[in-house]
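In this note's numbering, the protein residues as written are 965 to 1429.
As structure tokens, then:
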């Protein structure tokens, strides 16, 4: 495996490179990249969100899944009020959401970052946080973020979001504009010298004050939050073993196994494989904003991290510039009773693939709500069968809804006709679109990161030519 990183923003990738070149390991790089993404990719993630990591240790062949996703509040004496209803236009449909204090779940990103570093870090903590602190003073707004922002204005441009996502003249941020909140560096300074301060003390008090009207989140919930390590689940794919958390809401591993059996050839050119892929992927359409990153170090260790803020609650922690998550307002995540203290469900599924000797073959993850599963599966179908990751990530995708298959351009006309003849209505997008998810992946053939999300990669030896 090459040494390198892949992620959804140039600043995120630059942080991973800096840390690896300074002697840090894959987890140091992954944590540094995650913290930068919380400043540079704030329409997808933030310190007020949560996520999952999968860590591979080459010396032992071991895989550990780390759960630092958000928890349901309500362990204390606060009780939630109603959320504030908004509507987002999504793929031509108006979709209802809720924001406001009632939608904020217990954040996990600060605790997750510290846990990962405590467990696997090599560099000093301050060195791992430093790139995030630098990013908190401003990073260029990517083109795909600028294209997406107008669709999610009702969630993002609320309260302090007006200062962050609009230019001084009131226009929305455009490609290349600096993205920053004037107080955000205070949260990174706190993270550097007292990372547990996000769950106690002045920051926690400010967070709770911001949620005083209508939220069930209390100091009791912050005190109770813990990062959880889990044994991975696995599935066979050809002669490989693919490992991930396994309890994701959309069963990525099960789908990958089914797709591997059903797709024998390239579904862009083969009707039978396209129909098999559609059958494996068919599911309702849902939306959530996420981002993903991958890091591999000189030992062959790997770290894959996926994080999310939801659409954002519109509630910001005063004095710290942190936008709090809206997970309790994400109806697609609420599929069972939400008991206080339990983890919310998620579609996120960072994963690794190993050969028979438990050597790393690939590491990958994806962003995009219900498109995480189809994006990951379609990319892995190619990567695990020898396609270079960037080529696999760039390849056109489809998303199979119950009554429609949406496709990107690039599928043969014969395949489109074959789907229609089989009674599968289709709709072809104008081009590559963030709707189809964002994947980051690495294999022995190099690294790939999604152009649909302004992705970037860095390899110690550039295998892309």
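Beta carbons: idealized from backbone N, C-alpha and C, even for Gly.
Check                                                                                                                                                                     : Outcome
Report the residue ranges of all alpha helix (DSSP H) runs contained in full by the region 971-1016; include only those spanning at least 4 residues, in chain order.     : 974-985 and 990-1004
Using CA coordinates, which residue listed in 1214, 1227, 1321 and 1313 is at the minimum distance from residue 1205?                                                     : 1321
For residue 1283, I'd like the list of residues in its chain whose CB is within less than 7 Å of its CB, leaving aside the five on either flank, ordered along the chain. : 1147, 1150 and 1170
What whole-angstrom Cβ distance do residue 1285 and residue 1120 have, given they're in contact under 8 Å?                                                                : Their Cβ separation, rounded to whole angstroms, is 14 Å, which puts residue 1285 and residue 1120 out of contact at 8 Å.
By how many angstroms is the C-alpha of residue 1392 removed from the C-alpha of residue 1078?                                                                            : 44 Å
Hey, how far is the Cα of residue 1429 from the Cα of residue 1346?                                                                                                       : A caution first: residue 1429 carries a pLDDT of 35, below 50, which makes its placement in the model unreliable, though a value can still be read off. Spanning the two alpha carbons is a distance of roughly 20 Å.
From residue 978 to residue 984, what distance separates their C-alpha atoms?                                                                                             : 10 Å
For residue 1105 and residue 1419, I'd like the C-alpha separation in whole angstroms.                                                                                    : 13 Å
Thinking just about the alpha-carbon of each residue, which of 989, 966, 1384 and 1005 is nearest to the one in residue 1255?                                             : 1005
Taking the straight line between their C-alpha atoms, what separation do you get for residue 1414 and residue 1123?                                                       : 31 Å
Applying the criterion that 16 or more other CB atoms from any shown protein chain within 10 Å of the CB defines a buried residue, is residue 1103 buried or exposed?     : buried
According to the Cβ coordinates, are residue 1014 and residue 1000 closer than 8 Å?                                                                                       : no
Leaving out the 5 sequence neighbours to the left and right, which residues in its chain are closer than 7 Å to residue 1417 when beta-carbon positions are compared?     : 972, 1108, 1331, 1398 and 1402
Contact criterion: CB-CB distance below 8 Å. Does residue 967 meet it with respect to chain B?                                                                            : Although the question refers to chain B, the structure presented lacks it and comprises just one protein chain.
Pop quiz: residue 987 and residue 1083 are said to be a contact at Cβ under 8 Å. What is the actual Cβ separation, rounded to whole angstroms?                            : Between residue 1083 and residue 987 the Cβ distance is about 18 Å, and since that is not below 8 Å, they are no contact.
Note down, in chain order, each residue of its chain lying with its Cβ closer than 6 Å to the Cβ of residue 992, except the 5 sequence neighbours on either side.         : 983, 1085, 1086, 1087 and 1092
Could you give the DSSP three-state label for residue 1420: helix, strand or coil?                                                                                        : strand
Go ahead and pull the three-state DSSP assignment for residue 967.                                                                                                        : coil
Can you tell me whether DSSP reads residue 1287 as helix, strand or coil?                                                                                                 : strand
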